[in-house]
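A.B. asks: Before anything else, here's the structure in question.
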Amino acid sequence: MSMFHSLHSSASALTAQRLRMDVISSNIANAQSTRATVNENGEVEPYRRKMVALQPEGASFQSFLHKAANASAPSGVRVRSIEEDETPFKQVYNPSHPDANADGYVQLPNVDPLKEMVDLMSATRSYEANITSVNATKSMLMKALEIGK
52 MSMFHSLHSS
62 ASALTAQRLR
72 MDVISSNIAN
82 AQSTRATVNE
92 NGEVEPYRRK
102 MVALQPEGAS
112 FQSFLHKAAN
122 ASAPSGVRVR
132 SIEEDETPFK
142 QVYNPSHPDA
152 NADGYVQLPN
162 VDPLKEMVDL
172 MSATRSYEAN
182 ITSVNATKSM
192 LMKALEIGK
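According to my numbering, the sequence shown holds residues 52 to 200 in order.
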């Protein structure tokens, strides 16, 4: 096992959590966007919440077999996809809004700012934990180099 595997694992997690924070901030920024996308029917829809799906690097059987045979294969996490949340849009009665339908209802994005803030705090804590892991690994490597003096 290489001494840099833990750095690789933490670095991949840092990259994934940074992307997760970027997607969450985009969700928060578009929480009131009523004209964000055009659906397959050609109709204008509000912004649809996005979520980051993560998976371990090398999650296939072949990769586990390769790791068992060759202990130098690094592991970590990677972004599998950025998926759209399929929950229905919020309906708010506002007949004076330019995007109101014939009944006076406006479709608002399916973004819940409270949920987004909780997800953002979770991603931030994970990012901080990985920074702590990188610093601990760096400290151990520096101590190992001092032994050789």
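The beta carbon of each residue, even a glycine, is placed where N, CA and C say it ideally should be.
I'd like the list of long-range same chain contacts for A151, defined as Cβ closer than 8 Å, with 5 residues on each side in sequence excluded.
C.D. replies: Against the sequence shown, residue 151 aligns to sequence position 100. Answer for A151: N145, V157, listed in chain order.
A.B. asks: Where are the beta strand (DSSP E) runs, 3 residues long or more, that stay fully inside the segment 119-175, in chain order?
C.D. replies: Taking only runs of at least 3 residues, the beta strand (DSSP E) segments lying wholly in the segment 119-175 are 128-135, 141-144, 156-159.
A.B. asks: Whose C-beta lies closer than 7 Å to the C-beta of N78 among residues of the same chain, with five residues either side of it excluded?
C.D. replies: Within the sequence shown, the letter at position 27 stands for residue 78. Within the same chain, N78 has close Cβ partners R100, K101, V162, E167.
A.B. asks: If V128 sits next to V103, beta carbons under 8 Å apart, how far is it from one beta carbon to the other, in whole angstroms?
C.D. replies: Along the sequence shown, read from residue 1 onward, the residue named residue 128 stands at position 77. Along the sequence shown, read from residue 1 onward, the residue named residue 103 stands at position 52. That belief does not hold up - the Cβ atoms of V128 and V103 are roughly 11 Å apart, past 8 Å.
A.B. asks: Taking buried to mean at least 16 other C-beta atoms within 10 Å of its own C-beta, is D154 buried or exposed?
C.D. replies: Within the sequence shown, numbered from 1, the residue matching residue 154 stands at position 103. That one is exposed.
A.B. asks: P149: buried (16+ other C-beta within 10 angstroms of its C-beta) or exposed?
C.D. replies: Your numbering for residue 149 matches position 98 in the sequence shown. Classification of P149: exposed, given that the 10 Å Cβ count is below 16.
A.B. asks: Which residues in the same chain have their Cβ closer than 8 Å to the Cβ of V89, if we skip the five residues on either side of it in sequence?
C.D. replies: Locating residue 89 in the sequence shown gives position 38, where the first residue counts as 1. Around V89: V95, E96.
A.B. asks: Hey, could you find the ends of the alpha helix (DSSP H) Q68 is sitting in?
C.D. replies: What you label residue 68 is simply residue 17 of the sequence shown in a count that begins at 1. 56-80 is the span of the alpha helix (DSSP H), which, as asked, contains Q68.
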